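Peer 1: Pasting a structure here, questions to come.
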Amino acid sequence: MIRIEATNLTKRFRGNVVALNNLSFNLEGRIIALVGPNGSGKTTLLSILVGLRRPTMGRLFLNGFEPYVERERALKTVSFTFEKPRFNIGITVQQLLRILAEKCPDSDELLDYVKVFGLDDSRNKKLHELSSGQAQLLALAIALFCDKKKIAVLDEPLAHLDIANRAKLIDVMSKRSNIIFTTHVIEEAEAIADSAAILNNGACVWHGSLANMYREDIYEVFVRRDKLEILREAFGERILADLGLCILVRAIDRDVLDDMVSRGVILGYRRAGLKVQLYERLKSGSQALHQ
Ligand code: ADP
Numbered sequence: 000m001i002r003i004e005a006t007n008l009t010k011r012f013r014g015n016v017v018a019l020n021n022l023s024f025n026l027e028g029r030i031i032a033l034v035g036p037n038g039s040g041k042t043t044l045l046s047i048l049v050g051l052r053r054p055t056m057g058r059l060f061l062n063g064f065e066p067y068v069e070r071e072r073a074l075k076t077v078s079f080t081f082e083k084p085r086f087n088i089g090i091t092v093q094q095l096l097r098i099l100a101e102k103c104p105d106s107d108e109l110l111d112y113v114k115v116f117g118l119d120d121s122r123n124k125k126l127h128e129l130s131s132g133q134a135q136l137l138a139l140a141i142a143l144f145c146d147k148k149k150i151a152v153l154d155e156p157l158a159h160l161d162i163a164n165r166a167k168l169i170d171v172m173s174k175r176s177n178i179i180f181t182t183h184v185i186e187e188a189e190a191i192a193d194s195a196a197i198l199n200n201g202a203c204v205w206h207g208s209l210a211n212m213y214r215e216d217i218y219e220v221f222v223r224r225d226k227l228e229i230l231r232e233a234f235g236e237r238i239l240a241d242l243g244l245c246i247l248v249r250a251i252d253r254d255v256l257d258d259m260v261s262r263g264v265i266l267g268y269r270r271a272g273l274k275v276q277l278y279e280r281l282k283s284g285s286q287a288l289h290q
């Protein structure tokens, strides 16, 4: 289990940019997703979580310690990869894999992963010759499988992959515990994580387990961008975040949403956390499904 406790966490950058604005939340999960649109503060939060940055104010505890205070402990606790990794080392994929096979306690799974994603077809390529997608897959392989006792902290792991690789990675990540990852796609969080924090403009607008998200009547509303003003007027503060194709809205009457669909104001909607809820029901037996 991973535990994250943030209290009044604030990060300001030069030029008075407030990347994180007084975040307070507690999260516990096997796999935790940080969800939010671009610029919402996800990467900044990750960099504090792995100990690379210090907060301007407030505190953050990862499994009971402050990573930016105990940096050596952080290095022993997490393995991380940030978006668009680049390897500037003049060795081939095969040479790297040989080194990793010697050094990593969980190298068998790493080598399986390399096969699943076809990276062994590029074994003679130098690392800097890999495409950005291949470099990302290799960096993810190292973060996920070099040492499975570590928490894998992944920034937008699915962002630059094609659909086939994205589906494979969703499968791989769902089966490994101990992951914190960022995404701007709520379906990815639902498919992989059991807990999430939703960030918007540097604030944490929702946090908890995805099963609770379903119970709290949060909807993914699939929007027509030209009708967004109407939605803003209708929903106001109940809009948690604008994720592009959909907005997350809290506590809306379904009749209102049905009416908007029939008037063509929105394309459709569904309850957020749906997949988790179905899974929970399946686990608790088929009887619940028949009710
Ligand atoms: P996300 O990962 O959700 O896209 P970020 O954490 O990267 O968001 O950025 C949050 C805000 O902080 C943005 O407004 C961004 O421009 C700003 N920011 C991030 N890093 C820096 C930096 N090193 N210097 C100045 N501003 C930054």
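Residues in the sequence shown are numbered consecutively from 0, following numbering that gives the first Met the number 0.
C-beta: ideal position from N, C-alpha, C; glycine also.
Here the structure is a predicted model, which is why all the values come from computation and not from measurement.
Report the partner residues of Glu4 according to the DSSP bridge assignment.
Peer 2: DSSP output for Glu4 lists Asn25, Phe60 as bridge partner(s).
Peer 1: So is the beta-carbon of Ala18 under 7 Å away from any non-hydrogen atom of the ligand ADP?
Peer 2: Correct: Ala18 has its Cβ closer than 7 Å to the ligand ADP.
Peer 1: Checking 8 Å against the spacing of the C-beta atoms, do Ala299 and Ala73 come in under that value?
Peer 2: Residue 299 lies beyond the residue range present for the chain, which begins at 0 and ends at 290; the question has no answer from this structure.
Peer 1: Quick one: does the C-beta of Phe234 sit closer than 7 Å to a heavy atom of the ligand ADP?
Peer 2: Not so, every heavy atom of the ligand ADP lies at least 7 Å from the Cβ.
Peer 1: Are there 16 or more other CB atoms within 10 angstroms of the CB of Asp154, so buried, or fewer, so exposed?
Peer 2: The residue in question, Asp154, is buried, as its Cβ has 16 or more Cβ neighbours within 10 Å.
Peer 1: What separation, rounded to the nearest whole angstrom, lies between the Cα atoms of Ile265 and Glu236?
Peer 2: The straight-line gap from Cα to Cα measures roughly 18 Å.
Peer 1: Any chance the CB of Gly38 is under 7 Å from a heavy atom of the ligand ADP?
Peer 2: The answer is yes for Gly38.
Peer 1: So, helix, strand or coil for Gly207, using DSSP?
Peer 2: Three-state result, Gly207: strand.
Peer 1: Helix, strand or coil, according to DSSP, for Val255 in the structure here?
Peer 2: Looking at Val255 - three-state DSSP - the assignment turns out to be helix.
Peer 1: Quick test of your reading: His183 and Asn37, contact by CB under 8 Å. State the CB separation rounded to the nearest angstrom.
Peer 2: 7 Å between Cβ atoms; contact.
Peer 1: Drop a sphere of 10 angstroms on the beta-carbon of Met0, count the other beta-carbons inside from all chains shown, and report buried for 16 or more, exposed for fewer.
Peer 2: Answer is exposed; the Cβ neighbour count stays below 16.
Peer 1: From Lys274 to Ile90, what distance separates their C-alpha atoms?
Peer 2: Roughly 42 Å separates the two Cα atoms.
Peer 1: Below 8 Å on the Cβ atoms is my guess for Phe24 versus Ala196; work out the distance and round it to an integer in Å.
Peer 2: Confirmed, Cβ separation roughly 6 Å.
Peer 1: Could you compute how far the alpha carbon of Thr181 sits from the alpha carbon of Val204?
Peer 2: Straight-line Cα distance between these residues: approximately 15 Å.
Peer 1: Is Gly35 near the ligand ADP - that is, is its Cβ less than 7 Å away from at least one heavy atom of it?
Peer 2: It does: the Cβ of Gly35 is within 7 Å (strictly closer) of some heavy atom of the ligand ADP.
Peer 1: For Leu45 and Phe81, I'd like the C-alpha separation in whole angstroms.
Peer 2: Rounded to the nearest angstrom, the two C-alpha atoms are 9 Å apart.
Peer 1: With a cut-off of 8 Å, do at least 3 Cβ pairs link the region 49–57 to the region 208–227?
Peer 2: Judged by Cβ distances under 8 Å, the region 49–57 makes no contact with the region 208–227, as fewer than three pairs qualify.
Peer 1: According to DSSP, what are the bridge partners of Arg249?
Peer 2: Paired residue(s): Ile217.
Peer 1: Which one of Glu27, Leu8, Arg85 has the shortest CA to CA distance from Ile47?
Peer 2: Comparing Cα-Cα distances from Ile47 to each of Glu27, Leu8, Arg85, the minimum goes to Leu8.
Peer 1: Going by C-alpha distance, which of Glu215, Gly263, Pro104, Leu198 is nearest Ser39?
Peer 2: Nearest of Glu215, Gly263, Pro104, Leu198 to Ser39, Cα basis: Leu198.
Peer 1: For Gly243, which of Lys147, Lys226, Arg52 has the nearest alpha-carbon?
Peer 2: Comparing Cα-Cα distances from Gly243 to each of Lys147, Lys226, Arg52, the minimum goes to Lys226.
Peer 1: Let me make sure I understand the geometry here. Which of Ala142, Thr43, Ile30 has the alpha-carbon closest to that of Phe12?
Peer 2: That would be Thr43, whose Cα lies nearest to the Cα of Phe12.
Peer 1: Can you tell me whether Leu198 is helix, strand or coil according to DSSP?
Peer 2: Correct three-state label for Leu198: strand.
Peer 1: Let me know the secondary structure DSSP gives Tyr268 once reduced to three states.
Peer 2: It is a strand residue.
Peer 1: To which residues of the same chain is Ala134 closer than 7 Å at the C-beta, ignoring the five residues directly before and after it?
Peer 2: If we look at Ala134 and ignore the five residues flanking it on each side, its Cβ neighbours are Pro84, Arg85, Phe86.
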